[in-house]
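The working numbering applies: residue 20 is where the sequence shown begins, and numbers increase by one.
Beta carbons: idealized from backbone N, C-alpha and C, even for Gly.
Predicted model only: the values in this text are computed from it and were never measured.
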Amino acid sequence: MPQGQPSVVPDDGLTTRQRRNRPLVFVHTGIGKGKSTAAFGLALRAWNQGWPIGVFQFVKSAKWKVGEENALRVLGASGEGGSVDWHKMGEGWSWVQRDGQMDNEEKAREGWEQVKRDLAAETYKLYVLDEFAYPLHWGWIDTDEVVEVLRSRPGTQHVVITGRNAPEKLVDFADLVTDMSKVKHPMDAGQKGQRGIEW
């Protein structure tokens, strides 16, 4: 197993083990493909470690069948790794605000309230807040509140947030931020999304 060497060792009074095992906040943002895919890859690692996982899917349609959902539900029910709970809150595509925006806003807020309850109860070891950057960017949910809730969360709960336009305050707070940039995409040449690739 590769052992990463930090470029800086902070003077924080923690041992190497304490620092290694501290809970992390991840942000996957940018206009490129792969933000949610990377988060679900992280969920696979968490499942393998036996961690309970909570996936909270914001904004994307609750009717939309996501390939990772089926796979993670099957794995969670297998009894071999961690449990997996999947919560859907959205009614429409994440990058388009539709006429039903008020319904989406309300569902996003309800979803955030559930995340807060689960964080307080330490329900999961890994939280995937898929497309959560959108409600923050659109002002549906207060970024300052999110940062404060994440800063004060108990235990060793890891949180990964995906979506374009992650607010600067969230990016500044997070421990790991990846900006997915697009170099090239088949849709640029008029090709629609396809099974097994986009879903």
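Same chain, Cβ closer than 6 Å to residue i, neighbours up to 5 away in sequence not counted
i: glycine 95; result: Ser102, Val103
i: proline 42; result: Thr175, Gln176, His177
Same chain, Cβ closer than 8 Å to residue i, five either side skipped, listed in chain order
i: arginine 92; result: Val103, Trp105
i: methionine 206; result: Gly212
i: arginine 38; result: Pro29, Asp31
i: valine 115; result: With a pLDDT of 49 at valine 115, under the threshold of 50, the modelled position of this residue cannot be trusted, and the question is left open.
i: threonine 35; result: none
Same chain, Cβ closer than 7 Å to residue i, five either side skipped, listed in chain order
i: aspartate 30; result: none
i: methionine 20; result: Note that methionine 20 scores 49 on pLDDT, short of 50, meaning its location in the model is unreliable; the coordinates nonetheless yield the value given after this. No residues qualify anywhere along the chain.
i: glycine 182; result: Thr48, Lys54, Ser113, Glu150, Phe151, Ala152, Tyr153
i: glycine 100; result: Trp66, Asn67, Gly69, Leu94
i: threonine 162; result: Leu155, Pro186, Lys188, Leu189
i: tryptophan 131; result: Ile160
i: asparagine 40; result: Thr175
i: lysine 135; result: Val168
CB contact flag (residue i, residue j, <8 Å)
i: aspartate 198; j: glycine 49; result: yes
i: tryptophan 157; j: arginine 128; result: no
i: valine 46; j: valine 147; result: no
i: glycine 51; j: serine 200; result: yes
i: valine 74; j: alanine 62; result: yes
i: proline 173; j: glutamate 125; result: no
i: leucine 138; j: isoleucine 72; result: no
i: valine 202; j: alanine 58; result: no
i: tryptophan 218; j: valine 85; result: yes
Boundaries of the beta strand (DSSP E) in which residue i is found, first to last residue
i: glycine 156; result: Note that residue 156 is histidine in the sequence shown here, rather than glycine. Per DSSP, histidine 156 belongs to no beta strand (DSSP E); it is in the alpha helix (DSSP H), 152-156.
i: threonine 294; result: Nothing about residue 294 can be reported from this structure: the residues present for the chain run from 20 to 218 only.
i: leucine 195; result: 195-198
Opening and closing residue of the alpha helix (DSSP H) in which residue i lies
i: aspartate 207; result: From DSSP, aspartate 207 is part of no alpha helix (DSSP H); its letter is neither H nor E.
i: aspartate 31; result: Looking at the DSSP string, aspartate 31 is not in any alpha helix (DSSP H), and its letter there is neither H nor E.
i: threonine 142; result: First-last for threonine 142: undefined, no H or E at that position.
i: threonine 35; result: 35-39
i: aspartate 163; result: 162-170
i: leucine 189; result: 187-192
Can you find at least 3 beta carbon pairs, one from the region 153-168 and one from the region 180-193, that sit closer than 8 Å? Yes, they touch.
Just list the beta strand (DSSP E) runs in the region 56-109, keeping only unbroken ones of 3 residues or longer that don't cross its boundaries, in chain order. DSSP runs (the beta strand (DSSP E)) wholly in the region 56-109: 72-80, 103-109.
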